[in-house]
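**Q**
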DNA sequence: AAAGCGTGGCG
DNA sequence: TCGCCAAGCTT
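Residue numbers (UniProt numbering): 1 to 361.
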């Protein structure tokens, strides 16, 4: 097998590249704060989905010092709906670290950037190249796919050795090409030409040297292990209101999805089909909630909430709890309108939208 | 080192 | 409908 001519790959790639083919508000921006913010938002997230969040964060927090000074709950609220909420928690940690330990300035090297929470190899390389002109290549999903196809390389991409292997390939491909341009070009190329599902091979400028295309293996590459099956879960939310129509909520703290987001009291059960009486029989039923004082007011239709590794059936059970008095620690009694001030999982905001339409709440 | 972490769009 | 996957990181 002949060795791949990586310098040629780099020349063709940068020859194809035009910044305006895929406009993004942060493209060409060299401000480390905005580069970092955009890269965190775009981790495992499509540009179209992240874009409004970027605008919102920049407007709310123009500088890293503004962000560092923000309350946790406010940042989580801004992040609401974007998913992977550890990014928001780490965003704040990193902003505070920059302010407190780095005098308000982002580290200007790949290694320095890696010390920030939420900044891994990809993000450090992106910031180092875009904001500080460091000669480092990014390795993201696009790069894996493009290189695996171009080189016809069946090395699995989701293992330690595989990542190291493709890092060496992209390093070779980068060569002396200015890294900011190369990195932007290869990611745009992956988004516009060498796409996962419907790659534009007939019009691809790299087609004449693409080994996957020559061997008709484009759709088999890159190789990755098969995804495990989804965990099934069933959530029963208790929507408890007092005589004034106030709600009971609390913040999720456990190592699980939606940490630091707010929700109604939750019972997780082995099934979705539970009547109120069966609900109260569960071991999980909270001691502080006297079943005799509750007046059942109906339940929602089931919601199916799909996550990458879980499918969650969710039902909201409405109860009137007129004597709602002393609350357990960490539970909040709030007005209906105050709900909007808390960061909520998507399934809960969807329920609230729907129940507003049906006038249930 | 593998598993866990959200949400939405697309074929 | 369903699985894949999108500018990954942490533990």
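Ideal Cβ positions, reconstructed from N, Cα and C, are used throughout, including at glycine.
Where residue 193 and residue 256 are concerned, what is the direct C-alpha to C-alpha distance, given to the nearest angstrom?
**A** Along the first chain, read from residue 1 onward, the residue named residue 193 stands at position 193. Along the first chain, read from residue 1 onward, the residue named residue 256 stands at position 256. Straight-line Cα distance between these residues: approximately 37 Å.
**Q** Can you tell me which of 353, 104, 61, 197 puts its alpha carbon nearest to the alpha carbon of residue 218?
**A** Taking the first chain and counting its residues from 1, one reaches residue 218 at position 218. The option with the nearest alpha carbon to residue 218 is 197.
**Q** Which word fits residue 3, buried or exposed, when buried means at least 16 other C-beta atoms lie within 10 angstroms of its C-beta?
**A** If you number the first chain from 1, residue 3 lands on position 3. The residue in question, residue 3, is exposed, as its Cβ has fewer than 16 Cβ neighbours within 10 Å.
**Q** From this set, 107, 46, 11, 80, which residue's C-alpha is nearest residue 191's C-alpha?
**A** Against the first chain, residue 191 aligns to sequence position 191. For residue 191, the nearest C-alpha among the options comes from 46.
**Q** For the stretch 151-158 against the stretch 182-190, do three or more pairs of beta-carbon atoms, one drawn from each stretch, fall closer than 8 Å, so that the two count as touching?
**A** No: the two stretches stay apart, fewer than three of their Cβ pairs being nearer than 8 Å.
**Q** Taking the CB atoms as reference points, tell me whether residue 158 and residue 229 lie closer together than 8 Å.
**A** As a working note, residue 158 is residue 158 in the first chain. As a working note, residue 229 is residue 229 in the first chain. No, the pair does not count as a contact, with Cβ atoms beyond the cut-off.
**Q** For residue 269, which three-state DSSP category applies?
**A** As a working mapping, residue 269 is identified with position 269 in the first chain. Three-state DSSP puts residue 269 in a strand.
**Q** Return the bridge partner residues of residue 334 from the DSSP annotation.
**A** On the first chain, residue 334 is found 334 positions in, with the first residue counted as 1. BP columns for residue 334 point to 247.
**Q** Can you look up residue 301 in the DSSP assignment and give me helix, strand or coil?
**A** Here the question's residue 301 lines up with position 301 in the first chain. Coil, per DSSP.
**Q** Residue 352 to residue 330, Cα distance in whole Å?
**A** Counting from one through the first chain, the residue named residue 352 turns up at place 352. Counting from one through the first chain, the residue named residue 330 turns up at place 330. Their Cα atoms are separated by approximately 22 Å.
**Q** Would you please state the rounded distance, in angstroms, between the beta carbons of residue 124 and residue 102? I believe it to be under 8 Å.
**A** Residue numbering aside, residue 124 sits at position 124 when the first chain is read from its first letter. Residue numbering aside, residue 102 sits at position 102 when the first chain is read from its first letter. About 14 Å; that fails the 8 Å criterion.
**Q** Distance, Cα to Cα, residue 95 vs residue 248?
**A** The sequence position of residue 95 within the first chain is 95, counting from 1. The sequence position of residue 248 within the first chain is 248, counting from 1. Computed Cα separation, rounded: 32 Å.
**Q** According to DSSP, simplified to helix, strand and coil, what is residue 254?
**A** The count along the first chain starts at 1 and reaches residue 254 at position 254. DSSP places residue 254 in coil when its eight states are reduced to three.
**Q** Between the alpha carbons of residue 334 and residue 21, how many angstroms are there, rounded?
**A** Walking along the first chain from the start, residue 334 turns up at place 334. Walking along the first chain from the start, residue 21 turns up at place 21. Spanning the two alpha carbons is a distance of roughly 48 Å.
**Q** Residue range of the alpha helix (DSSP H) that residue 49 falls in?
**A** Translated into the one-based positions of the first chain, residue 49 becomes position 49. From DSSP, the alpha helix (DSSP H) with residue 49 extends over 47-60.
**Q** If you scan the stretch 58-85 from start to end, which runs of the alpha helix (DSSP H) of 4 or more residues do you find wholly inside it?
**A** For the stretch 58-85, whole alpha helix (DSSP H) runs of length 4 or above, ordered along the chain, are 64-68, 72-79.
**Q** Suppose contacts are defined by Cβ-Cβ distances below 8 Å. Is residue 170 in contact with residue 143 by that definition?
**A** Taking the first residue of the first chain as 1, we reach residue 170 at position 170. Taking the first residue of the first chain as 1, we reach residue 143 at position 143. Yes.
**Q** Looking at the unbroken beta strand (DSSP E) that takes in residue 342, where does it start and where does it end?
**A** Taking the first chain and counting its residues from 1, the one referred to as residue 342 is at position 342. It is not in any beta strand (DSSP E) - residue 342 carries neither H nor E in the DSSP assignment.
**Q** Buried or exposed for residue 243, going by 16 or more other Cβ atoms inside 10 Å?
**A** The residue labelled residue 243 in the question sits at position 243 within the first chain. Exposed.
**Q** Near residue 79, which residues of its chain fall below 6 Å by C-beta distance, leaving aside the five closest residues on each side in sequence?
**A** For the purposes of this step, residue 79 is taken as residue 79 along the first chain, with counting starting at 1. 88, listed in sequence order.
**Q** Drop a sphere of 10 angstroms on the beta-carbon of residue 28, count the other beta-carbons inside from all chains shown, and report buried for 16 or more, exposed for fewer.
**A** As a first step, residue 28 must be located in the first chain, where it is residue number 28. So residue 28 counts as exposed.
**Q** What did DSSP end up calling residue 160 once you bin it into helix, strand or coil?
**A** For the purposes of this step, residue 160 is taken as the residue at position 160 of the first chain. Helix.
**Q** If we count Cβ pairs, one from each stretch, closer than 8 Å, do we get three or more for the stretch 268-281 versus the stretch 310-317?
**A** Result yes; three or more Cβ-Cβ pairs closer than 8 Å.
**Q** Hey, out of 61, 342, 220, 9, whose CA is closest to residue 81's CA?
**A** As a first step, residue 81 must be located in the first chain, where it is residue number 81. The candidate whose alpha carbon is nearest that of residue 81 is 342.
**Q** Going by beta-carbon coordinates alone, are residue 98 and residue 106 separated by less than 8 Å?
**A** In the first chain, the residue the question calls residue 98 occupies position 98. In the first chain, the residue the question calls residue 106 occupies position 106. Yes.
**Q** Whose C-alpha, out of 182, 138, 134, is nearest the C-alpha of residue 166?
**A** Along the first chain, read from residue 1 onward, the residue named residue 166 stands at position 166. Per the Cα distances, 138.
**Q** Is the beta carbon of residue 93 less than 8 Å from the beta carbon of residue 121?
**A** Taking the first chain and counting its residues from 1, the one referred to as residue 93 is at position 93. Taking the first chain and counting its residues from 1, the one referred to as residue 121 is at position 121. Taking 8 Å as the Cβ cut-off, residue 93 and residue 121 do not qualify as a contacting pair.
**Q** From this set, 289, 127, 233, which residue's C-alpha is nearest residue 271's C-alpha?
**A** Residue numbering aside, residue 271 sits at position 271 when the first chain is read from its first letter. Here the closest residue by C-alpha is 233.
**Q** Would you say residue 76 and residue 84 are within 8 Å of each other, going by their C-beta atoms?
**A** Your numbering for residue 76 matches position 76 in the first chain. Your numbering for residue 84 matches position 84 in the first chain. Against a cut-off of 8 Å, the Cβ pair of residue 84 and residue 76 comes out as no contact.
**Q** Under 8 Å Cβ to Cβ from residue 355, same chain only, skipping five residues before and after it: list those, please.
**A** Working through the first chain from its first residue, we reach residue 355 at position 355. So the qualifying residues of the chain are 300, 316, 361.
**Q** In three-state terms, what does DSSP make of residue 398?
**A** With the chain covering only 1 through 361, there is no way to say anything about residue 398.
**Q** Under DSSP, the beta strand (DSSP E) around residue 232 begins and ends at which residues?
**A** Along the first chain, one-based indexing puts residue 232 at 232. Element bounds for residue 232: 231-241.
**Q** On the DSSP letters alone, give me the boundaries of the alpha helix (DSSP H) that residue 347 sits inside.
**A** If you number the first chain from 1, residue 347 lands on position 347. Residue 347 -> alpha helix (DSSP H) spans 346-357.
**Q** With DSSP as the reference, please indicate the residues paired to residue 26 in a beta bridge.
**A** Taking the first chain and counting its residues from 1, one reaches residue 26 at position 26. Partner(s): none; residue 26 has no beta bridge.
**Q** So, using beta-carbon positions, are residue 336 and residue 303 closer together than 8 Å?
**A** Position 336 of the first chain, counted from the first residue, corresponds to residue 336. Position 303 of the first chain, counted from the first residue, corresponds to residue 303. Contact flag unset, no.
**Q** Helix or strand or just coil, what does DSSP make of residue 309?
**A** Along the first chain, one-based indexing puts residue 309 at 309. Looking at residue 309 - three-state DSSP - the assignment turns out to be coil, as it is neither helix nor strand.
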